[in-house]
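The working numbering runs 643 ahead of the 1-based position in the sequence shown.
Ideal placement from N, C-alpha and C gives every residue a C-beta, glycine not left out.
Remember, predicted model here, so these are calculated numbers, not experimental data.
The structure appears below as structure tokens.
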Amino acid sequence: MIKINEKSDSNPHNTTSKNQSGYPVSGAVTLFVVSVVQFLTPFMLSAVGVALPAIGREFSASAVQLGLVETVYIFAFSLFLLPAGRLGDIYGRKRIFTIGILVFTAGTVLLSFAFTIESFIVFRFFQGCGGAMISGTSVAILSSVFPPAKRGQAMGIIVGCVYLGLSLGPVLSGFMVTHLGWRWIFYLGVLVELFCLSLTVLKLKGEWAEARGERFDFVGTLLYITSLFCLIYGTLNQKEGGIYLMFMASGALGFLIFLAFEYRCSSPILDVGLVIRNRVFAFSNLATLINYAASFGIAFFFSLYLQVVRGYSPQSAGWILIIQPVFQCALSPFFGRLADRVSPAGLATAGMVLCTLSLSLASQVHAGTPMPVIMVMLALMGVGFGLFSSPNTTTVMGSVPPKSYGIASSFLATMRTMGMLCSMTIITLAFKHIMGDHPVSAETQSSFLASMHLCMMIFCFLCAAGVFCSMVRLKPVSSDEASRSDPFVNPLRRLGAWKKNKAPKGLGSNPEP
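Pasting the structure below:
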């Protein structure tokens, strides 16, 4: 178990600890290393978003294929986040963290040499696998080092770095696409990733693995990956009917089997009991899923809108798109500190309300919308997202014991990524039904705007539902509440309970609290 020696001031940099290898660990060093790496993945995500029109022109890609560039990246995150978090708990979080940087770097190198849109999509998936290992362990490493009293401020700094990456991505990408070409995004990315790798190896000493010695759930992992693949693949192609509808049904059934299996598994990749018995954990993660599903598509749509509909250059579009992440980056550390003093769940709920207002504005945007209105919409989304993210992360990590930090961190990251995946899936389906295989261009801007309006209205209703989910967790509960009477979780309890009592003694069920 990690022992924290706190100092008297509130600066999280003064935190020191010892990890399980016996190395003294500085909070400042850990925070710096994780912050730099956490800057990296969103930087690459937002940078590629601005470059999509240029990539599409070079490869003659359709609107659906451009959507897949982002979808497969997020899909890879969704597939491997949960397994990565559990592997980190068992075999070492720093080890999985480091492997993730290596895989991410290899994917970036391959992307810089992509020669067709199909190869670009495949390499983007590979890059996403590395990003999943990074995201599935980074928050758990921080939670292992920082005590609860200082964790909110540390999480705020991390979230600020994430949004700094989102902020600089469009600007640097726009400059490079305009003056150097889109491949320079990946050339620069490789240099930053090698710097991150050297920092991790040289500065982040020791290891954290509170679940060392427990077995890894290979069966559950296979069920999870197969079910998610079938569900998403079937959904993306459901317009074709036939076998793709069978993929959707198989994926949904597979998820039910996965949940039942995980509930009775002694060492699961997803602790279903944690979701069932912990109202705060369950609804905080559900709010995360909905919030990201509702808001992630903003950057994708407005990157295309500004360049195709309004005729802005990539660099000019980047300067406008930077508004949202700049507000997120600037305000996240402040909201993180505030979450250490007041109800973080209440702050997160207020953030979702602001996001809903922003999406209602976005649903009214048309070809002649004044630019100040678009800027206000992006700023409002930035404030709302910053108000939601840090307090929500603090709420989730504070609701679980240290042994479950890896599972909680990877589950939260999975909900974020699943939300992004839902967002891009909705966008891809809208493109398929309204635009077909036509590219996004000046000639097809009316159908593009129709797709955009449909998606923004769906996102607005989603975010409004997320406000309700976020409010449910505000009800005071004890940390070990079983929530047996909760109508939202009882169906999940019944799903796995029918086999729980049949498990051989010593092999199966999770203990009741």
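Residue i, DSSP secondary structure in three states
i     : result
L1138 : Legend: pLDDT at L1138 = 44, less than 50; position of this residue unreliable, no value from coordinates given.
N921  : coil
S664  : Residue placement at S664 is poorly supported in this model, since its pLDDT is 46, which falls under 50; the coordinates still yield a value, given next. Note: S664 maps to coil in three-state DSSP.
C772  : helix
I1077 : helix
T759  : coil
E701  : helix
K737  : helix
G897  : helix
I1070 : helix
V825  : Rather than Val, the amino acid found at residue 825 in this sequence is Trp. Correct three-state label for W825: coil.
V788  : helix
F859  : coil
S810  : helix
K793  : helix
S778  : helix
S721  : helix
D914  : coil
C804  : helix
C1065 : helix
G885  : coil
C908  : coil
L847  : coil
V1043 : coil
S1053 : helix
S1084 : coil
N1035 : helix
Y716  : helix
N880  : coil
Residue i, buried or exposed, once every other Cβ within 10 Å from all chains shown has been counted against 16
i     : result
G1058 : Here the sequence assigns Met to residue 1058, which means Gly is not the residue at that position. Buried is the call here.
G1011 : exposed
S1089 : exposed
T759  : exposed
S703  : exposed
G1164 : With the chain running from 644 to 1156 in the structure shown, residue 1164 is simply not present.
Q971  : buried
P1015 : exposed
F1054 : buried
P813  : buried
I941  : buried
G1029 : buried
K737  : buried
E836  : buried
L823  : exposed
M889  : exposed
M819  : buried
I900  : exposed
F861  : exposed
L1135 : Model confidence at L1135 stands at a pLDDT of 43, short of 50, so the residue's coordinates are unreliable and nothing is read from them.
P726  : buried
P1013 : exposed
R855  : exposed
T684  : buried
K846  : exposed
Among the options, nearest to residue i - alpha-carbon criterion
i     : options                    : result
F720  : A1093, L1064, L1092        : L1064
F978  : Q796, I742, R767           : Q796
Y887  : L896, I875, G897, F898     : I875
T931  : A1051, L695, S1006, A1073  : A1051
S1001 : L949, F939, T1060, P976    : F939
G699  : I1069, I764, L722, S689    : I764
H1009 : F945, M889, I744, G731     : F945
I717  : L981, A792, V691, F740     : V691
L745  : V844, A960, R858, I966     : V844
M1020 : Q967, T1037, Q958          : Q967
F747  : M687, E761, T864           : M687
V1110 : M1061, T999, S1003         : T999
A1187 : S755, G817, V802, V1115    : Absent from the structure is residue 1187, since the part of the chain shown begins at 644 and ends at 1156.
V996  : Q1007, M1018, P1013, G1025 : G1025
I1069 : V680, Y935, L865, L674     : Y935
L896  : C908, L709, G916, L866     : L866
Y830  : G885, S755, F768           : S755
G803  : H1076, S1032, C1112        : S1032
T821  : G885, Q950, Q708           : Q950
Q1007 : R980, E1086, T1087, S1094  : S1094
(request) Jot down the residue ranges of each uninterrupted alpha helix (DSSP H) in the region 932-1014, minimum 4 residues, whole runs only, in chain order. (result) Runs of the alpha helix (DSSP H) inside the region 932-1014: 940-947, 957-964, 966-982, 987-1005.
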